[in-house]
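Visitor: Have a look at this one before I ask anything.
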Amino acid sequence: MSIKVNYNNVMKHAIGEQGIPEIEYKSHQLLAEAAHAKVEAGRGKDMQGWMDSPYNQKEVVKQINATAKRIRKTCESFVVLGIGGSALGPIAVFTALKHLYYNELPKKVRKGPKFYVIDNVDPERMNALFDVIDLDKTVFNVITKSGATSETMSQYLIIMDMLVKRFGDKAGEHVIATTSEFKGNLIKIAREHNIETFYIPEGVGGRFSELSPVGLLPAAVVGIDIAEMLRGAREMDKKCKTNNMWRNPALALATIQYISIKSGKNIGVIMPYADSLKYIADWYAQLWAESLGKEVDSEGNKVNVGQTPVKALGVTDQHSQVQLFNEGPYDKVITFIEVGNFRNDCTIPNGCESYPDVNFLCGHTLGELMNSELFATRYNLVQRHRANYTIYLDTVDEYHVGALLYLMQLQTAYAGAMFDVDAYNQPGVEGGKNAAYALFGRKGYEAKAAEINSAKADDDKYIIE
15 MSIKVNYNNV MKHAIGEQGI PEIEYKSHQL LAEAAHAKVE AGRGKDMQGW MDSPYNQKEV
75 VKQINATAKR IRKTCESFVV LGIGGSALGP IAVFTALKHL YYNELPKKVR KGPKFYVIDN
135 VDPERMNALF DVIDLDKTVF NVITKSGATS ETMSQYLIIM DMLVKRFGDK AGEHVIATTS
195 EFKGNLIKIA REHNIETFYI PEGVGGRFSE LSPVGLLPAA VVGIDIAEML RGAREMDKKC
255 KTNNMWRNPA LALATIQYIS IKSGKNIGVI MPYADSLKYI ADWYAQLWAE SLGKEVDSEG
315 NKVNVGQTPV KALGVTDQHS QVQLFNEGPY DKVITFIEVG NFRNDCTIPN GCESYPDVNF
375 LCGHTLGELM NSELFATRYN LVQRHRANYT IYLDTVDEYH VGALLYLMQL QTAYAGAMFD
435 VDAYNQPGVE GGKNAAYALF GRKGYEAKAA EINSAKADDD KYIIE
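Throughout the sequence shown, residue numbering follows this note's numbering, covering 15 to 479 in sequence.
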């Protein structure tokens, strides 16, 4: 597998006192082994169904590919309705593996429908969608496991109302549901309207769902080889079977972050040096923040752990955030993602011969420039004793993207075990959801509404008009 992890630059021998002494790293081997054992013991159980995703979907992949083939032949637009992992995963994989101007390409070049993801309830954005799609030639993929996600179901209600008015009892032919097979509202609605449905396994939560039908169907619709993505995930899983943190890349990264967080590095920067991987950073930010940001541990002790993820893009953010990374507080660990071989390149032509400070670029490629700037940024960070490590991909393709996603999921699971928190719940999110339900008068939330109504009003003295 041509994915490598280089964590030299978090170690003391590279960055001095801000780094981790090798003896300290070695001292965490037992903790790493325990975390590995806990994750392996939970494989396929409860909310660790995502660990089976690379292995148990042969028939699902066939069904998805058949549906995707039909959609590519008959539709001009494919729209995902979802939020959180149901949106971030499809966006990340689409951006990573398809042409960066995919929707602007002629249809004969695209060989598939235009692709949109509506992941918010901003009314302007929703209405703007209807200006660029033809309802007659669009399929909507509504993704929510519970069928009670307010944002997604609001979108669904708007879309379904339009479809029913246009197509009557055939409205369901323009919708595909991805949801729980056994419970929730959406599966009932899908059966009522004869909507084609793909199932999210019960043990797969939103932020761990990209390698399930949540992400596989949208990927297949735009022509991505989903079987190859799953092969990459399988190979990464096999690579991480060992409990030796010197050989298991996900376990090594979890241990590094655990030690770093304990020492006060409470910000984790994820910085790919490839535009294709820009939204992998968005996907990872949810995975890392929602899984590890917890108030209590498994025993109910108040711990308030977690690391704030920050998204950056090389080289764009060398001209914005990197100033802070170099000279600000020593509270960050920076994760670089490096691509060895870009899928295509662009040579900088000769010119500006009279201007040596421009002409030196001539004859080189943009790929060279991109990776040289990564090297230079990394080098400068080391000189300033700033912790960073690099995940290296030989190229961005289905195999490597599948492996990268699985690597990051395993890293997160191991880190959750090390901190002894539930990496699969999100009680902090539920609090905001419940307040929103109360504001809208949802039945069963009367007590929350009363609590909100009795809350102390804002003091006018702190409001400037």
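Just so you know, even glycine gets a beta-carbon here, dropped at the ideal spot from N, CA and C.
(1) What first and last residue would you give for the alpha helix (DSSP H) that runs through residue 108?
(2) Would residue 215 and residue 63 qualify as a contact pair, given that the criterion is a beta-carbon distance under 8 Å?
(3) Is the beta carbon of residue 94 sitting closer than 8 Å to the one on residue 131?
(4) Under the rule that 16 or more other beta-carbon atoms within 10 Å means buried, what is residue 308, buried or exposed?
(5) Which residue spans inside the region 148 to 193 form an unbroken alpha helix (DSSP H) run of at least 4?
(6) Can you tell which of 161, 227 and 152 has its C-alpha closest to the C-alpha of residue 70?
(7) So residue 465 is in the alpha helix (DSSP H); what residue range does that whole segment cover?
(8) Any idea what DSSP makes of residue 395, helix, strand or coil?
(9) Whole angstroms are fine: how far does the CA of residue 181 sit from the CA of residue 233?
(10) Consult DSSP for residue 237 and reduce its assignment to one of helix, strand or coil.
(11) Decide if residue 427 is buried, meaning its Cβ has at least 16 other Cβ atoms within 10 Å, or exposed.
(12) Does the Cβ of residue 144 have 16 or more other Cβ atoms within 10 Å, making it buried, or fewer, making it exposed?
(13) Which one of 304, 265 and 467 has the shortest CA to CA distance from residue 52?
(14) If you draw a straight line from the C-alpha of residue 156 to the C-alpha of residue 124, how long is it?
(15) Between 245, 282 and 429, which has its C-alpha nearest residue 415's C-alpha?
(16) Can you check DSSP and say which residues form a bridge with residue 286?
(17) What does the alpha-carbon distance come out to for the pair residue 287 and residue 202?
(18) Which word fits residue 400, buried or exposed, when buried means at least 16 other C-beta atoms lie within 10 angstroms of its C-beta?
(19) Residue 61 by DSSP, collapsed to three states: which one?
(20) Which stretch, first to last residue, makes up the beta strand (DSSP E) that contains residue 35?
(21) Just mark residue 388 as buried or exposed, buried being the case when its beta carbon has 16 or more other beta carbons within 10 Å.
(22) In terms of residue numbering, what span does the alpha helix (DSSP H) encompassing residue 276 cover?
Guide: Short version:
(1) Position 94 of the sequence shown holds residue 108. For residue 108, the enclosing alpha helix (DSSP H) starts and ends at 99 to 111.
(2) Position 201 of the sequence shown, counted from the start, is the residue given in the question as residue 215. Position 49 of the sequence shown, counted from the start, is the residue given in the question as residue 63. The answer is yes: Cβ separation under 8 Å.
(3) Within the sequence shown, numbered from 1, the residue matching residue 94 stands at position 80. Within the sequence shown, numbered from 1, the residue matching residue 131 stands at position 117. Going by C-beta atoms, residue 94 is nearer than 8 Å to residue 131.
(4) The residue given as residue 308 occupies position 294 in the sequence shown. Looking at its Cβ environment, which holds 16 or more other Cβ atoms inside 10 Å, residue 308 is buried.
(5) Whole alpha helix (DSSP H) segments, 4+ residues: 164 to 181.
(6) As a first step, residue 70 is located in the sequence shown; it is residue number 56 there, counting from the start. Taking the Cα of residue 70 as reference, the smallest distance to any Cα among 161, 227 and 152 is reached at 227.
(7) Translated into positions along the sequence shown, residue 465 becomes position 451. Note, residue 465: alpha helix (DSSP H), 460 to 467.
(8) For the purposes of this step, residue 395 is taken as residue 381 along the sequence shown, with counting starting at 1. Residue state, collapsed to three classes: helix.
(9) Along the sequence shown, one-based indexing puts residue 233 at 219. Along the sequence shown, one-based indexing puts residue 181 at 167. Between the C-alpha atoms of residue 233 and residue 181 there is a straight-line separation of about 27 Å.
(10) Translated into positions along the sequence shown, residue 237 becomes position 223. Here residue 237 sits in coil by DSSP.
(11) Mapped onto the sequence shown, residue 427 falls at position 413. Classified as buried, residue 427 has 16 or more neighbouring CB atoms from the shown chains inside 10 Å of its CB.
(12) Indexing the sequence shown from 1 puts residue 144 at position 130. By the 10 Å Cβ count, residue 144 comes out exposed.
(13) Counting from one through the sequence shown, the residue named residue 52 turns up at place 38. Closest by alpha carbon: 265.
(14) Residue numbering aside, residue 156 sits at position 142 when the sequence shown is read from its first letter. Residue numbering aside, residue 124 sits at position 110 when the sequence shown is read from its first letter. When rounded, the distance between both Cα atoms is 23 Å.
(15) Counted from its first residue, the sequence shown places residue 415 at position 401. The residue among 245, 282 and 429 with its C-alpha nearest the C-alpha of residue 415 is 245.
(16) Taking the first residue of the sequence shown as position 1, residue 286 is located at position 272. The partner list for residue 286 (beta bridge, DSSP) reads 351.
(17) The residue given as residue 287 occupies position 273 in the sequence shown. The residue given as residue 202 occupies position 188 in the sequence shown. Each residue's Cα considered, the two are about 44 Å apart.
(18) Along the sequence shown, one-based indexing puts residue 400 at 386. The Cβ neighbour count for residue 400, taken over all protein chains shown within 10 Å, is at least 16; the residue is labelled buried.
(19) Taking the first residue of the sequence shown as position 1, residue 61 is located at position 47. It is coil, neither helix nor strand.
(20) Working through the sequence shown from its first residue, we reach residue 35 at position 21. Looking at the DSSP string, residue 35 is not in any beta strand (DSSP E), and its letter there is neither H nor E.
(21) Sequence index remark: in the sequence shown, residue 388 carries index 374 (1-based). Residue 388 is buried by the Cβ-count criterion.
(22) Residue numbering aside, residue 276 sits at position 262 when the sequence shown is read from its first letter. First-last of the alpha helix (DSSP H) with residue 276: 263 to 276.
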